[in-house]
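Only one structure is covered here, and it is reproduced in the block below.
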Amino acid sequence: MNKDHFPEELLLKYFFTNIPNFLKPIFPDNEPVWTPLKELKSFFEKFKTYKIEIEIPDGVVLKGERIFIGEGTTIEPGVMIREPAIIGRNVEIRQGAYFRGNVIVADNCVVGHATELKHSIMLEGAHAPHFNYLGDSILGQKVNLGAGTILSNFKMTENKMVVVDFNGEKIDTGLRKFGALLGDFSETGCNAVLNPGTIVGPNSLIYPLSLVRGYIAPKTIYKLRQHIERTEKK
1041 MNKDHFPEEL LLKYFFTNIP NFLKPIFPDN EPVWTPLKEL KSFFEKFKTY KIEIEIPDGV
1101 VLKGERIFIG EGTTIEPGVM IREPAIIGRN VEIRQGAYFR GNVIVADNCV VGHATELKHS
1161 IMLEGAHAPH FNYLGDSILG QKVNLGAGTI LSNFKMTENK MVVVDFNGEK IDTGLRKFGA
1221 LLGDFSETGC NAVLNPGTIV GPNSLIYPLS LVRGYIAPKT IYKLRQHIER TEKK
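If you count the sequence shown from 1, position 104 lands on 1144 in this note's numbering, and the numbers rise without skipping.
Below you can see the structure in the form of structure tokens.
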């Protein structure tokens, strides 16, 4: 990547604030916004302070010992958490949630029923509350995903790196699996699908049922328009 020509708008510092201190090394301000996804595996290899600060209810399955769960977090029966995982304080994890490994969920987040997370980061106060999929993705502070929102992470064309479409310019991320990045305070409506390599700027709103790809600038409302036709039933 030629940093001399890299778009300023895609630097980390414009997407995420209030980064927990322990995560700041993988959130360098002046690097591409997808940098934390590249560094996540090595971050977990170096992290050593795993511990469980709550009572684990019956019916919760922890796979492996490299799991941190902070005090005040509630986990309902039927949840499975695979190592490595870091779950902060006062997180709500509802029945049927599945952590597939290499997952960080910061304080005060919600991970809802039938939500699956894999190689992803949720920053403070983010919500993935109902039937969501987060693959190789990052949710900024207080991002909220509508029910059924999917962050798709793998292109159907084999052996292709995910590229970001930035205002018509194709930028190679060097990642084969890369879902979506949503900047602080962004939201999606129900059943939105974000294609691999989607980048949503802070304070943006994605309407329900939208199919999204490429770069969405900060403070954008992304609306789906559809034509409705009604005919008489015979």
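Heads up, the beta-carbon is just placed ideally off N, CA and C, and yes, glycines get one too.
Review point. From V1145 to G1099, what does the alpha carbon distance come to, in whole angstroms?
Key: Counting from one through the sequence shown, the residue named residue 1145 turns up at place 105. Counting from one through the sequence shown, the residue named residue 1099 turns up at place 59. Taking the straight line from one Cα to the other gives about 21 Å.
Check your understanding: Would you call the segment 1103-1117 and the segment 1185-1199 touching, i.e. three or more CB-CB distances under 8 Å?
Key -> no
Check your understanding: Where are the alpha helix (DSSP H) runs, 4 residues long or more, that stay fully inside the segment 1056-1107, in chain order?
Key -> 1075-1086
Check your understanding: Of the residues I1256, L1245 and L1174, which one's Cα is nearest the Cα of F1206?
Key -> On the sequence shown, position 166 is the one that residue 1206 refers to. Per the Cα distances, I1256.
Review point. How many angstroms separate the CA atom of E1066 from the CA atom of L1052?
Key: For the purposes of this step, residue 1066 is taken as residue 26 along the sequence shown, with counting starting at 1. For the purposes of this step, residue 1052 is taken as residue 12 along the sequence shown, with counting starting at 1. Sequence inspection shows Ile at residue 1066; the Glu mentioned does not correspond to that position. Their Cα atoms are separated by approximately 10 Å.
Check your understanding: Ordered along the chain, which non-local residues of its own chain (more than five positions away) have a Cβ less than 6 Å from that of L1221?
Key -> Here residue 1221 corresponds to residue number 181 of the sequence shown, with the count starting at 1. Same-chain partners within the cutoff: V1073, I1178 and I1239.
Exercise for review: Ignoring anything shorter than 3 residues or poking outside the segment 1187-1261, list the beta strand (DSSP E) runs there in chain order.
Suggested key: 1202-1206, 1209-1215, 1220-1222 and 1238-1240
**Study point:** Residues of its chain near L1102, where Cβ-Cβ distance is below 6 Å and the 5 sequence neighbours each way are ignored
**Key:** Stepping through the sequence shown from its first residue, residue 1102 is reached at position 62. Same-chain partners within the cutoff: I1121.
Exercise for review: Just mark H992 as buried or exposed, buried being the case when its beta carbon has 16 or more other beta carbons within 10 Å.
Suggested key: Beyond the ends of the chain as shown, which are 1041 and 1274, falls residue 992; an answer cannot be given.
Review point. Alpha carbon to alpha carbon, how far is M1041 from L1077?
Key: The sequence position of residue 1041 within the sequence shown is 1, counting from 1. The sequence position of residue 1077 within the sequence shown is 37, counting from 1. Residue placement at M1041 cannot be trusted, given a pLDDT of 47 that sits under 50; what the coordinates show is reported in the next sentence. In a straight line, the C-alpha of M1041 is about 16 Å away from that of L1077.
Check your understanding: Is it true that the CB of R1253 sits closer than 9 Å to the CB of G1237?
Key -> Position 197 of the sequence shown holds residue 1237. Position 213 of the sequence shown holds residue 1253. For G1237 and R1253, yes; Cβs fall inside 9 Å.
Check your understanding: So what does DSSP say about L1174, is it helix, strand or coil?
Key -> Along the sequence shown, read from residue 1 onward, the residue named residue 1174 stands at position 134. Correct three-state label for L1174: strand.
Check your understanding: Which residues in the same chain have their Cβ closer than 7 Å to the Cβ of E1093, if we skip the five residues on either side of it in sequence?
Key -> In the sequence shown, the residue the question calls residue 1093 occupies position 53. Here the set comprises I1109, G1110 and E1111.
Exercise for review: Return the chain-ordered list of same chain residues with a C-beta closer than 6 Å to the C-beta of E1300, the five sequence neighbours on each side being excluded.
Suggested key: Since the displayed the chain opens at 1041 and closes at 1274, residue 1300 lies outside it and no answer follows.
Check your understanding: In the DSSP assignment, what residue or residues form a beta bridge with R1140?
Key -> Numbered from its first residue, the sequence shown carries residue 1140 at position 100. According to DSSP, which records beta bridges pairwise, R1140 is partnered with nothing at all.
Point to revise | Nonlocal neighbours in the same chain, by C-beta distance under 7 Å from G1007, ignoring five residues either side | key: Residue 1007 is absent from the model: the chain starts at 1041 and stops at 1274.
Review point. Who does N1130 pair with in a DSSP beta bridge?
Key: Taking the sequence shown and counting its residues from 1, the one referred to as residue 1130 is at position 90. Bridge partners of N1130: none, in fact.
Review point. Do you know whose CA, among N1130, L1215, E1123 and N1070, lies nearest H1167's CA?
Key: Sequence index remark: in the sequence shown, residue 1167 carries index 127 (1-based). Selected option, being the one with the closest Cα: N1130.
Practice item. Can you say whether I1161 is buried or exposed, counting buried as having 16 or more other CB atoms within 10 angstroms of its CB? Key: Counting from 1 along the sequence shown, the entry for residue 1161 is found at position 121. Buried: at least 16 other Cβ atoms inside 10 Å.
Point to revise | Check whether P1248 and G1219 have beta carbons under 9 Å apart | key: In the sequence shown, residue 1248 corresponds to position 208, counting from 1. In the sequence shown, residue 1219 corresponds to position 179, counting from 1. Result no, Cβ atoms of P1248 and G1219 do not sit closer than 9 Å.
Check your understanding: Are the beta-carbon atoms belonging to G1180 and D1224 less than 9 Å from one another?
Key -> On the sequence shown, residue 1180 is found 140 positions in, with the first residue counted as 1. On the sequence shown, residue 1224 is found 184 positions in, with the first residue counted as 1. It is a contact, given that the beta carbons lie within the stated cut-off.
Point to revise | CB-CB length for A1232 against T1189, believed under 8 Å | key: Locating residue 1232 in the sequence shown gives position 192, where the first residue counts as 1. Locating residue 1189 in the sequence shown gives position 149, where the first residue counts as 1. That belief holds up - the Cβ atoms of A1232 and T1189 are roughly 5 Å apart, short of 8 Å.
Point to revise | Cβ distance (whole Å) where G1141 is taken to contact H1170 below 8 Å | key: Working through the sequence shown from its first residue, we reach residue 1141 at position 101. Working through the sequence shown from its first residue, we reach residue 1170 at position 130. Wrong, their Cβ atoms sit about 22 Å apart, outside the cutoff.
Check your understanding: DSSP three-state call for M1041: helix, strand or coil?
Key -> Taking the first residue of the sequence shown as 1, we reach residue 1041 at position 1. For M1041, the predicted model reports a pLDDT of 47, less than 50, meaning its position is unreliable; a value from the coordinates is still stated below. Note: M1041 maps to coil in three-state DSSP.
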